[in-house]
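Enquirer: In terms of the working numbering, the sequence shown is numbered consecutively and its last residue is 161.
Once you've had a glance at the structure underneath, I'll fire off some questions.
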Amino acid sequence: MKPAGPPITPAGMAALRTRYDHLLGKERPEIVEIVSWAAGNGDRSENGDYLYGRKRMREIDRELAHLARRMKALRVVDPARQEERDKVFFGATVELADEDDARMTVTLVGDDEQDASAGKIGWSAPLARALRGAGIGDLRTVRLPSGEKEWEVMTIEYPPI
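What follows is the structure, encoded as structure tokens:
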């Protein structure tokens, strides 16, 4: 039996699928058309459209292959289906307070969909690993480049069912 892959939310998987479909259905055909047109214009060694188009096509093909591998390896986990809602698991939105009562809210998502500016931290990030299984009131210490920092779990929320 194949081991379960890294988790991703349904929204994260949909975003990867949208990117894949866009590259395959829109960008790649446009580049193929440009390259075909440019190839018909004679000397390819000095044809900027041809050279750029071939380079861009290789980039698109690499990204398509990467996205295909990732989508195949990932395991979609719907946070709304989490049964144990009083503990921090994948997909939880957690409010934290540090020693100075500075508050921070983070949502634990798949590594492929992390976005620190939006408060989404990857499942394998140090803070996410430290929070796994924590309940309200629990203290968790995270090792950061600037040193250790302690956080208290204030609230835990999951999307509604």
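Here a beta-carbon is modelled for each residue, glycine too, at the ideal position from N, C-alpha and C.
As the structure is a computational prediction, the values presented were derived from the model and not from experiment.
Find the nearest neighbour of Gly26 within the set Lys149, Val76, Gly137, Leu64, judged by alpha-carbon distance.
Expert: According to the sequence as given, residue 26 is Lys; it is not Gly. Nearest option by C-alpha distance: Leu64.
Enquirer: Please report the straight-line C-alpha distance between Thr107 and Ala134, rounded to a whole angstrom.
Expert: Taking the straight line joining both Cα atoms gives about 14 angstroms.
Enquirer: Whole angstroms is fine: what's the gap from Arg143's alpha carbon to Ser124's?
Expert: Each residue's Cα considered, the two are about 14 angstroms apart.
Enquirer: Tell me where the beta strand (DSSP E) around Lys149 begins and ends.
Expert: Residues 147 to 157.
Enquirer: Using beta-carbon positions only, say whether Ile8 and Glu83 come within less than 8 angstroms of one another.
Expert: Contact: no.
Enquirer: What does the alpha-carbon distance come out to for the pair Phe90 and Met71?
Expert: Each residue's alpha carbon lies about 18 angstroms from the other.
Enquirer: Tell me whether Ala14 is buried or exposed, calling it buried when 16 or more other Cβ atoms sit within 10 Å of its Cβ.
Expert: With fewer than 16 other Cβ atoms within 10 Å, it is exposed.
Enquirer: By the DSSP assignment, the beta strand (DSSP E) with Ala38 in it spans what residues?
Expert: No beta strand (DSSP E) contains Ala38, which is instead part of the alpha helix (DSSP H) from 28 to 39.
Enquirer: Are the region 74 to 83 and the region 95 to 103 touching, with three or more C-beta to C-beta distances below 8 angstroms?
Expert: No contact exists between the region 74 to 83 and the region 95 to 103.
Enquirer: Can you check whether the CB of Gly40 is closer than 8 angstroms to the CB of Gly110?
Expert: Contact: no.
Enquirer: Taking just the CA atoms, how far does Asp49 sit from Glu33?
Expert: Approximately 11 angstroms, taken between the alpha carbons.
Enquirer: Between Trp151, Gly137, Ser146, which lies nearest to Leu127 when the distance is taken from Cα to Cα?
Expert: Among Trp151, Gly137, Ser146, the Cα nearest to that of Leu127 belongs to Trp151.
Enquirer: Secondary structure at Pro6, three-state DSSP: helix, strand or coil?
Expert: DSSP places Pro6 in coil when its eight states are reduced to three.
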